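Before any comments, here is the structure.
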Amino acid sequence: MKPETLRAAQDRALFESLSQEQAVISVNKQIAKQEKQGPSGTRRRLLATSVRLSKTMAPDLNRIAQECIEKLDVKIPTELYAYNSAQFNAACVKPEDGKLFIMFSSALLDAFNYDELQFVMGHELGHFIYNHHAIPVGYLLQGEQRVSPELALRLTSWSRYAEFSCDRVGAYCVNNFDAVARSLFKLASGVTSNIVKFDRSDFLKQIEDMRIEDESLSRSANVQDWFMTHPFSPLRVKALHLFHQSTLMKANGASLTDLELGIDGLMTFMEPSYLQAKTNEAKVMRNMLFAGVLAIANADQHISAAELAVFEQFFGKHQFSEKLDLDKIKQRIPARAEAVVAQVSVPKRMQLIRDLCIMASCDGGIKESEYQELNEISQLLQVPPIFVEQVLSGFDNSR
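Under this note's numbering, the first residue of the sequence shown carries the number 24, and numbering increases by one thereafter.
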């Protein structure tokens with residue numbers, strides 16, 4: 024399997040978009056200018072402050088590296104280094120002079136077994152394979168010239184999806200979900216002794232408890248999560264469970280579309296909803312939702328109390344007005360859908376369809392006129408019709 028096949032869709036899409044940002048281009052030009060003046064001395068610093076792990080010193084770790092390199096078809100000479108740290112950590116350093124460097128903390132090497140190290144090794148190689156160094160998040164977020172809040176949100180969102188991509192590469196290398204889950208448990212907890220027995224199911228239950236906590240907190244309580252560069256460990260385990268259940272890892276597994284939709288759903292824990300985000304992508308989605316819910320609600324020329332309540336859930340109290348020209352709003356749907364298709368990934372368009380289905384089903388039954396309106400919108404958004412059927416069947420309503 025080609026590594027590009029494993030890459031998360033949003034990693035790829037955001038990478039391409041961010042690569043065109045002037046701030047990213049400018050920083051990369053500065054880095055390239057520095058590199059033209061000569062090597063930055065990365066290897067020199069590693070040799071001075073860390074230990075290069077030769078095949079003689081670390082035969083198993085080098086064997087792991089070679090297995091991953093062959094499986095991923097990596098063509099660059101690679102050196103492994105250990106550095107003294109009590110933290111579990113590893114890093115793939117940007118290549119220099121035609122060599123790739125992978126660093127491991129001493130604590131991680133002491134605590135992780137063969138399969139767990141294979142996952143970590145594959146993950147770090149993933150950053151090189153997908154050229155993640157081309158979006159220098161650290162420079163952009165911590166440099167002298169601060170980027171806009173909107174760009175910062177996009178950078179950290181991309182960084183989280185990039186981690187998902189690399190997790191998939193690591194999981195593909197080891198092909199052992201239990202080892203993957205244990206690795207992420209150790210990274211999250213720091214616990215390696217027998218006093219704590221790892222239970223994957225209990226670890227994953229933290230996600231549901233997070234959801235319950237989120238519902239009891241104000242929206243602003245989670246703003247700090249939006250700017251984190253790594254997903255929470257329980258989310259990473261859940262994402263890898265979805266990956267292992269997909270066609271990428273098993274015959275007759277879940278489709279790639281379902282996989283990516285599941286990942287986007289997990290990311291709602293760490294990203295502002297499109298209903299509150301200030302990105303251009305979120306704005307076009309809100310515009311589409313506004314027109315779509317009104318068109319569906321008014322499909323039978325009457326907006327019920329239940330439909331009005333759903334509208335207010337999305338847009339706030341007293342945002343509906345009898346003065347709204349519903350016919351004119353409906354006429355804007357094709358143009359708004361075109362804007363969404365141009366800027367928004369298929370999984371996120373599916374989220375939009377899910378929200379429109381809430382409006383269509385809120386009266387306890389879906390009228391034929393509402394169903395037709397919903398299908399017309401899904402076609403404009405280029406979302407497969409079968410997805411509408413799947414969502415509506417989940418509401419257990421009949422037409």
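Using N, Cα and C, we set each Cβ at its ideal position, and we do this for glycine too.
In this text, all values refer to a predicted model and were calculated from it rather than measured experimentally.
Output yes or no for whether 9 Å exceeds the beta carbon distance between K353 and A383. Going by C-beta atoms, K353 is not nearer than 9 Å to A383.
Under 9 Å between C-beta atoms of Y106 and S77: For Y106 and S77, no; Cβs fall outside 9 Å.
Whole angstroms are fine: how far does the CA of A320 sit from the CA of E361? Each residue's alpha carbon lies about 21 Å from the other.
DSSP state of F292 mapped onto helix, strand, coil: F292: coil per DSSP, three-state reduction.
Specify the secondary structure class of T72 as computed by DSSP and reduced to three states. Correct three-state label for T72: helix.
Thinking C-beta only, is S212 closer than 9 Å to D34? Not in contact: D34 and S212 (Cβ atoms no closer than 9 Å).
If the criterion is Cβ atoms closer than 9 Å, does the pair L263 and G285 meet it? For L263 and G285, no; Cβs fall outside 9 Å.
Considering just the uninterrupted stretch of the beta strand (DSSP E) at P118, what are its terminal residues? That run of the beta strand (DSSP E) goes 113-119.
Note down, one range per segment and in chain order, each alpha helix (DSSP H) of at least 4 residues found wholly within the region 155-215. Runs found: 160-165, 172-197, 200-212.
Smallest Cα separation from Y394: which of F255, G276, V316, L70? Of F255, G276, V316, L70, the residue nearest in Cα terms is V316.
Nearest to C25 by CA position, among K371, I54, A277, V192, is which residue? First, the residue type needs correcting, since residue 25 is Lys and not Cys in the sequence shown. The option with the nearest alpha carbon to K25 is V192.
What residue range does the alpha helix (DSSP H) around L140 cover? Following the DSSP letters along the chain, one finds L140 inside the alpha helix (DSSP H) bounded by residues 137-152.
Identify which residue in V260, P254, D378, S344 has its Cα closest to the Cα of N424. This structure cannot speak to residue 424, because the chain is shown only from 24 to 422.
Is it the case that the Cβ atoms of E150 and C115 are separated by a distance below 9 Å? Per the sequence shown, the amino acid found at residue 150 is His instead of Glu. A contact, by the Cβ cut-off of 9 Å.
Reference A113; option with closest CA among K122, M126, Y104, L103: If you compare the alpha carbons of K122, M126, Y104, L103 with that of A113, the shortest gap goes to M126.
Using DSSP with H/G/I as helix, E/B as strand and the rest coil, what is L103? L103: strand per DSSP, three-state reduction.
On a CA-only basis, which of P118, E58, F292 is nearest F250? Give me that one, please. The candidate whose alpha carbon is nearest that of F250 is F292.
In terms of alpha-carbon separation, which member of Q110, R67, A318 lies closest to E396? For the residues Q110, R67, A318, the minimum Cα distance to E396 belongs to A318.
Per-residue DSSP class, three states only, for M251: DSSP places M251 in coil when its eight states are reduced to three.
Can you check DSSP and say which residues form a bridge with I125? Bridge partners of I125: L103, C115.
Does the beta-carbon of E147, which I'm using as the reference point, lie nearer than 8 Å to any heavy atom of the ligand SAM? This structure does not include the ligand SAM; it has no bound ligands of any sort.
For the region 400-411 against the region 358-373, are there 3 or more C-beta pairs whose distance is under 8 Å? The answer is yes - the region 358-373 touches the region 400-411, with three or more Cβ pairs under 8 Å.
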